[in-house]
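Heads up, the thing below is written out as structure tokens.
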Amino acid sequence: MKPAPFRYQRAGSLEEALAIVGSAVAVDEDARVIAGGQSLGPMLNLRMVRPTLLVDIHRIEPLRAITRLADGRVRIGACVTHAALEDAPLDGPLSGTAGDFIRHVADGIAYRAIRTRGTIGGSLAHADPAADWPCALAALGATIAVVSPAGERRIEAGEFSLGLFETALQPGEIICAIELPAAPVLRWGYRKHCRKVGEFPHALAACVVRDAGACAQVWLGATGGAPVSLELDAPALGAFAALPEGQQARLRTGLRASIAALLPAAVAQGDAYARHLHAQIAAEAVIDACLR
Amino acid sequence: MTDTTPPMLTLELTVNGSPARVAIELRLSLCDLLRDSLHLTGTHAGCEHGVCGACTVLLDGEPVRACITLAAACDGAQVTTVEGLSGPLIDRLRAAFHAEHALQCGYCTPGMLVSALDLLRRKPELSDGEIRRHMAGNLCRCTGYVGIVRAIRACAGAGAANSGVSGR
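Which chain is which? The protein sequence lines are S and A, in order. The working numbering puts the first residue of the first sequence at 117, with every later residue one more than the last. The working numbering puts the first residue of the second sequence at 15, with every later residue one more than the last.
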């Protein structure tokens, strides 16, 4: 038995979970919400965290649903597993190009035996800088719906992660869903560099294009803090797929150089190899978005 | 004086088809429940933080890491360990592991078998590269993986998918 002792309560409903967490917050108890526990589990075993209360929300059915709303947005419950997203049917709510992007990202997370338990909401709440969803959902322009006894509020995915294991969640709040915009995704690219398949990546980038024309924005993950967004001024990329090979090669090199120049100084400061890796992976994600 | 009694829970679940009722400490992992409380030592504890795959078991038919799954979260669940796998596909897989020398010390083998079985059920048609990618979450320190990949490949393809396997 590896973790330090804790109490454990399984919530049957979101209201019950909020009440339990609320009572814990009121007495300043270190309570953690747990869903699949695939990030919290290892940290408990290593005693990197020692909460005194775990509130298990993984069996709350409404949090496990994926639904398409009347206005075209897709609402993914916080306790939907990576495996459920990986397997999401092409003709279900996650149809179309945005669905392909979600399936691709989910399929690349850790290993199947992790994906069957780990959840999209848990990944966001945990906010490991090298995790997939914080970066992927920011690129997708998703919105995170969080609830507290005071009601529901919405946070842009790009503003949800604040740093290493740090999010915009306030004490007593629980993520209830992730909402994807209704506007169709035209093209996307998603790249990561892992030293071993399934390990956390050392560089991660997502490029999602909703407007025809150039790929204008790329999001970088695994930078040690919150995902970083870069605006690209590269109109030539719009026609990338139609260009002859030589010109494509020059554009690729140029793109990597311009991304490297845009990288904030704080990203992998003083580590030339890591900065090169971030720029290379980001350039590949953008090129993928041009070609896909 | 503070109360030092560990918080307990009585858990009811089905393990390898048989009902089990166990009083557990809340911080117990599914892996420790299987090994220490139920004496099913076929499930191996390796890294105990979700990296090595040795403790992989089926929980309601899906592969999970027993070392980072709380036993308390498994109330009412169906658990299948390597001891409980049966049916034509796992028989073929076991024979192929033997024929292809897919194990040496055997420590990783229970997890390998559970992961490979799940993989073959979900994706019966696999290239060697895909087998390697999908089995990347199970570490072996003896074989160099070549025999393991060969054994799984031997069970992939037409026929394997139609094999009924109990314990799902």
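The C-beta atom is built at its ideal place from N, Cα and C for all residues, glycine as well. Please read all numbers here as calculations on a predicted model, not as lab measurements.
| Asked | Found |
| --- | --- |
| Taking only the alpha-carbon atoms, compute the straight-line gap between A/R182 and A/L72 and give it to the nearest angstrom. | Here A/R182 scores only 37 on pLDDT, less than 50, and its place in the model is too uncertain to base an answer on. |
| For S/T232, which residues in chain A fall below 7 angstroms Cβ to Cβ? | E76, P77, V78 |
| Is any heavy atom of the ligand ATP found at a distance shorter than 8 angstroms from the C-beta of A/H53? | The ligand ATP is not part of the structure shown, which contains no ligands of any sort. |
| Give me the chain S residues within the contact set of A/P21, using Cβ-Cβ distance strictly less than 8 angstroms, ordered along the chain. | P121, F122, R123, Y124 |
| Decide yes or no for the touch test of the region 110-122 of chain A against the region 151-167 of chain A: beta carbon pairs closer than 8 angstroms, at least 3 of them. | yes |
| Buried or exposed: where does S/S239 fall if 16 or more other Cβ atoms within 10 Å of its Cβ makes it buried? | buried |
| Can you name the residues that DSSP bridges to S/V335? | Strictly speaking, residue 335 of chain S in this sequence is Trp, with Val absent from that position. DSSP lists S/A322, S/S345 as partners of S/W335. |
| Does any C-beta atom of chain A lie closer than 9 angstroms to the C-beta of S/I150? | yes |
| Against chain S, with Cβ distances strictly below 9 angstroms, would A/D132 count as a contact? | yes |
| So, helix, strand or coil for A/G98, using DSSP? | helix |
| If you scan the region 58-88 of chain A from start to end, which runs of the alpha helix (DSSP H) of 4 or more residues do you find wholly inside it? | none |
| Can you pull the chain A neighbours of S/L162, defined as C-beta to C-beta under 7 angstroms? | H63 |
| Which residues of chain A have a Cβ atom closer than 8 angstroms to the Cβ of S/H174, listed in chain order? | A87 |
| Quick one: give me the first and last residue of the beta strand (DSSP E) that S/E295 is part of. | 290-296 |
| With S/L320 and S/C251 assumed to form a contact (beta carbons below 8 angstroms), what rounded beta-carbon distance in angstroms separates them? | 5 angstroms |
| Rounding to the nearest angstrom, what Cα-Cα distance links S/P351 and S/A255 in this structure? | 19 angstroms |
| Among S/L160, S/H174, S/H392, S/A258, which has the Cα closest to the Cα of S/A133? | S/H174 |
| Using a Cβ-Cβ cut-off of 6 angstroms (strictly less than) and excluding sequence neighbours within five positions of S/A93, which residues of its own chain qualify? | For residue 93 of chain S there is no data in the structure shown, the boundaries of chain S being 117 and 408. |
| Mapping DSSP to helix, strand and coil, what is S/I403? | helix |
| Between S/V389 and chain A, is any beta-carbon pair separated by less than 9 angstroms? | Note that residue 389 of chain S is Tyr in the sequence shown here, rather than Val. It does not; no Cβ of chain A falls within 9 angstroms. |
| According to DSSP, simplified to helix, strand and coil, what is A/A14? | Chain A is shown only over 15 to 182; residue 14 of chain A falls outside these bounds and no answer can be derived. |
| Mind checking the region 211-228 of chain S against chain A and listing, in chain order, the residues whose C-beta falls within less than 8 angstroms of any C-beta there? | A226, Y227, R228 |
| Using a Cβ-Cβ cut-off of 8 angstroms (strictly less than) and excluding sequence neighbours within five positions of A/G98, which residues of its own chain qualify? | V29, N30, G31, G181 |
| Contact check, S/G157 vs A/G64 under 8 angstroms by CB: the rounded distance? | 6 angstroms |
| Starting from S/E131, follow the alpha helix (DSSP H) in both directions and report where the run begins and ends. | 130-142 |
| Starting from S/H174 and walking both ways along the alpha helix (DSSP H), at which residues does that stretch end? | Looking at the DSSP string, S/H174 is not in any alpha helix (DSSP H), and its letter there is neither H nor E. |
| Run through chain A and tell me which residues come within less than 9 angstroms of S/V137, C-beta to C-beta. | Per Cβ cutoff of 9 angstroms: no residues; S/V137 is ~17 angstroms from chain A at best. |
| Quick check on the burial criterion: 16 or more other C-beta atoms within 10 angstroms. Buried or exposed for S/H242? | buried |
| Looking at chain A, is there any beta carbon in it that lies within less than 9 angstroms of the beta carbon of S/P317? | no |
| For S/D248, does the count of other Cβ atoms within 10 angstroms reach 16, so buried, or fall short, so exposed? | buried |
| Grouping DSSP H, G and I as helix and E and B as strand, with all else coil, what is S/L278? | strand |
| Where are the beta strand (DSSP E) runs, 3 residues long or more, that stay fully inside the region 190-265 of chain S, in chain order? | 190-193, 259-264 |
| Reducing DSSP to helix, strand and coil, say where A/A150 ends up. | coil |
| Using only the alpha-carbon positions, how far apart do S/A390 and S/A384 sit? | 6 angstroms |
| Run down chain A in chain order and give the residues with a C-beta less than 8 angstroms from the C-beta of S/G238. | Those within 8 angstroms of S/G238 in chain A number zero; the least Cβ separation is about 12 angstroms. |
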